[in-house]
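Residue numbers (numbering that gives the first Met the number 0): 0 to 148. Virtual Cβ for every residue (Gly too), placed ideally from N, Cα, C. Just so you know, these numbers come straight off a predicted model, no measurement behind them. First comes the structure, then the notes that go with it.
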Amino acid sequence: MKKIVVLHGVNLNMFGRRDPAQYGSVTLSEINGKLHELAAELNIVLECWQTNHEGEMVEKIHALHEARVDAVVINPGAWTHYSYAVMDALAILTVPIVEVHMSHVHAREPFRHISLVAPLAKGQITGFGMNSYLLGLRAAWSLVLDEPT
């Protein structure tokens, strides 16, 4: 079985309470539940993890490098736009990375149009609410299946 890790960045634990016009009413727990349902269908070992602490995110990414995961799906939250530390940690990974965002970041404030993660990712999925995560997991799964064994 393939192992994929979904990383949720800063403030994403507030989904369901934070700016419902942008993010809807779905909670992080509900997102993780749907991801686990899809992972079971796809026969994926899935880990979902969230932190509001940049150093913890960097340490987690470092651990993923050693843990032999097959792919990473990440929504770095605001770190997308300014965290060179998260970007540098992701650059260490040798597995496919898929960037996801619930809101359509390119239709929002100009600072959100810049992603430090995008150059490292195989692709970026934005603007589909919770489905951005589900599409991201499907994309990561597809990338892992296409990898030579």
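So, with DSSP's three-state summary, where would you put Thr-148?
A caution first: Thr-148 carries a pLDDT of 46, below 50, which makes its placement in the model unreliable, though a value can still be read off. Coil.
So, are the CB atoms of Asn-74 and Leu-119 less than 8 Å apart?
No, the pair does not count as a contact, with Cβ atoms beyond the cut-off.
By how many angstroms is the C-alpha of Leu-37 removed from the C-alpha of Arg-67?
Computed Cα separation, rounded: 21 Å.
Between which two residues does the beta strand (DSSP E) carrying Gly-122 extend?
From DSSP, the beta strand (DSSP E) with Gly-122 extends over 122-125.
For the alpha helix (DSSP H) that contains Val-85, what are its first and last residues?
Unbroken alpha helix (DSSP H) run through Val-85: 83-91.
Do the region 26-36 and the region 108-125 make contact, defined as three or more Cβ pairs closer than 8 Å?
No: the two stretches stay apart, fewer than three of their Cβ pairs being nearer than 8 Å.
Trp-48 and Leu-89 - do their beta-carbons sit closer together than 8 Å?
Contact: no.
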